[in-house]
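A short worksheet on the structure shown next.
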Amino acid sequence: MARRYDSSTTTFSPEGRLHQVEYAIEAINNAGTCVGILAKDGVVMASEKKVTSSLLAPAKSSEKTYKLCQHAACNVAGLTADANILIDQARLRAGRYAYQYCEAIPVEQLVEHVCNYKQAYTQYGGLRPFGVAFLFAGYDTHYGFQLYQSDPSGNYSGWKATVIGANNQAGKSFLKNEYGAKKEDEDEKMKGCEE
Amino acid sequence: QTTQTTQTTHPHTTVILASDQTNARSILTYQTNLDKITELSSHSAMGISGPNADLVNFSEYISKNLALYELSNDGLKLSPHAQANFCRGELATALRKGPYQVNIMLGGYDTVKGEASLYWMDYLAALAKVNYGAQGYASSFCCRLWIGI
Numbered sequence: 001m002a003r004r005y006d007s008s009t010t011t012f013s014p015e016g017r018l019h020q021v022e023y024a025i026e027a028i029n030n031a032g033t034c035v036g037i038l039a040k041d042g043v044v045m046a047s048e049k050k051v052t053s054s055l056l057a058p059a060k061s062s063e064k065t066y067k068l069c070q071h072a073a074c075n076v077a078g079l080t081a082d083a084n085i086l087i088d089q090a091r092l093r094a095g096r097y098a099y100q101y102c103e104a105i106p107v108e109q110l111v112e113h114v115c116n117y118k119q120a121y122t123q124y125g126g127l128r129p130f131g132v133a134f135l136f137a138g139y140d141t142h143y144g145f146q147l148y149q150s151d152p153s154g155n156y157s158g159w160k161a162t163v164i165g166a167n168n169q170a171g172k173s174f175l176k177n178e179y180g181a182k183k184e185d186e187d188e189k190m191k192g193c194e195e
Numbered sequence: 196q197t198t199q200t201t202q203t204t205h206p207h208t209t210v211i212l213a214s215d216q217t218n219a220r221s222i223l224t225y226q227t228n229l230d231k232i233t234e235l236s237s238h239s240a241m242g243i244s245g246p247n248a249d250l251v252n253f254s255e256y257i258s259k260n261l262a263l264y265e266l267s268n269d270g271l272k273l274s275p276h277a278q279a280n281f282c283r284g285e286l287a288t289a290l291r292k293g294p295y296q297v298n299i300m301l302g303g304y305d306t307v308k309g310e311a312s313l314y315w316m317d318y319l320a321a322l323a324k325v326n327y328g329a330q331g332y333a334s335s336f337c338c339r340l341w342i343g344i
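Here the protein sequences line up with chains A and R, keeping their order.
Our numbering applies: residue 1 is where the first sequence begins, and numbers increase by one.
Our numbering applies: residue 196 is where the second sequence begins, and numbers increase by one.
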């Protein structure tokens with residue numbers, strides 16, 4: 001029944017859903033897990049690197065972690081090819097902001113820009129959405145250290161701790177119980193998540 | 196014999212902007228109460244001099260764009276440094292198209308850093324951070340007073 005309304009990204013189903021966006025989010029549930037935790041003095045992110053073949057040349061750079069500017073970085077879960085486009089967009093935006101204002105872009109503005117870019121692919125053009133979820137981590141003088149999560153719909157939110165990719169539900173429940181329980185256990189929490 | 200100069204720098208906390216209120220051209224004085232200082236945010240303002248058309252057009256263009264920034268970003272304010280660089284960028288872009296014939300003194304207080312700053316900007320899109328400065332005829336009088344300050 002959903003079949004009639006799920007091919008076009010720009011059409012709502014009768015139940016008020018955008019199926020292509022939901023399918024894109026599903027695609028990310030098979031991707032390598034990424035965890036992010038906000039601490040008082042910084043943000044920690046860790047990602048699972050999936051080794052698909054022993055024939056693969058050793059990677060010179062990470063396919064999970066990317067620097068966006070001096071004060072912000074992101075971790076990717078999903079289609080790496082799609083992510084590369086969005087990371088270029090983020091880097092351009094950060095650079096252009098610095099060019100215009102001679103100042104570091106506030107982290108939320110950077111996140112919002114990437115998300116607005118993603119949103120366009122759920123509303124215009126008949127192109128499929130990006131199959132990528134991000135964890136953005138950064139620092140600015142307005143809100144200090146911040147952690148954001150975004151998904152193919154173009155929605156984003158700020159988190160104290162969150163997980164994306166495979167087993168993200170289990171990861172989030174674990175963090176819900178453990179985060180803030182004891183002050184010194186950031187490393188323990190990261191290890192727990194990776195398990 | 197060598198002379199040593201020591202300079203202590205401390206953050207400033209106040210900026211003062213002053214301007215005349217004359218709007219005149221050739222033999223006519225149109226107005227004697229023109230406010231040439233434009234508020235950019237709750238903590239910064241810009242004094243502009245130049246032909247009335249450019250003065251008003253440029254000041255409104257900049258102040259409305261900065262107001263849009265605050266509205267778009269949940270009340271976040273741009274620092275005076277960022278405002279000055281934005282302003283200079285607009286002058287620079289227009290320079291080789293249709294220049295704004297305005298000279299500016301931009302002053303403000305950075306609430307994040309807790310310090311005040313003053314910027315000198317001219318119609319050729321030069322920008323300098325200064326502790327004191329003047330544009331227009333005032334500079335002929337004031338600059339002499341400030342020598343050795």
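A virtual CB, placed ideally from N, CA and C, is assigned to each residue, including glycine.
It should be emphasised that the depicted structure is a prediction, and the values quoted were computed from it without experimental measurement.
What did DSSP end up calling R:D249 once you bin it into helix, strand or coil? helix
A:A133 and A:I28: beta carbons closer than 8 Å? yes
Assuming A:I25 and A:P152 make a contact with CB atoms under 8 Å, what is their CB distance in whole Å? 6 Å
In chain A, which residues lie less than 9 Å from R:N260 when you measure between Cβ atoms? Under the 9 Å cutoff, chain A gives no residues; its nearest Cβ is about 11 Å from R:N260.
Would you report the Cα separation of A:A46 and A:V111, rounded to the nearest angstrom? 19 Å
Could you compute how far the alpha carbon of R:Q330 sits from the alpha carbon of R:T208? 22 Å
Shortest alpha-carbon distance to R:K272 belongs to which of R:L212, R:S244, R:S258, R:T217? R:S258
When you compare only the Cα positions, how much space is there between A:Q109 and R:R339? 45 Å
Which residue marks the beginning of the alpha helix (DSSP H) containing A:R91, and which one marks its end? 80-101
Quickly, what does DSSP pair R:Q226 with across the bridge? List them, please. R:N218
For R:S254 and A:Y97, the rounded distance between their alpha carbons: 21 Å
So for R:I243, helix, strand or coil by DSSP? strand
Please confirm whether R:L273 has its beta-carbon closer than 8 Å to some beta-carbon of chain A. yes
Using 8 Å as the limit for Cβ to Cβ distance, is R:F281 near chain A? yes
Report the rounded CA-to-CA distance for R:L229 versus R:S267, giving the unit in angstroms. 30 Å
How would you write the range of the alpha helix (DSSP H) that R:T288 sits in, first residue to last? 275-290
In whole angstroms, what is the alpha-carbon distance linking R:R283 and R:A321? 7 Å
Buried or exposed, going by whether 16 or more other CB atoms sit within 10 Å of the CB of A:Y226? Past the boundaries of the shown model lies residue 226 of chain A; chain A is included only from 1 to 195, so the question cannot be answered.
Which residues mark the beginning and the end of the alpha helix (DSSP H) in which A:I37 is found? Where A:I37 is concerned, there is no enclosing alpha helix (DSSP H), although the beta strand (DSSP E) it sits in stretches over 34-39.
Hey, quick one: how far does the alpha helix (DSSP H) through R:N326 stretch, first residue to last? Looking at the DSSP string, R:N326 is not in any alpha helix (DSSP H), and its letter there is neither H nor E.
Residues that A:D140 bridges to, as DSSP identifies them: A:G144
Rounded to the nearest angstrom, what separates A:L18 and A:H113 at their Cα positions? 21 Å
For R:I211, name the three-state secondary structure that DSSP assigns. coil
Please return the same chain residues whose Cβ sits closer than 6 Å to the Cβ of A:T65, not counting the five positions on each side in sequence. N75
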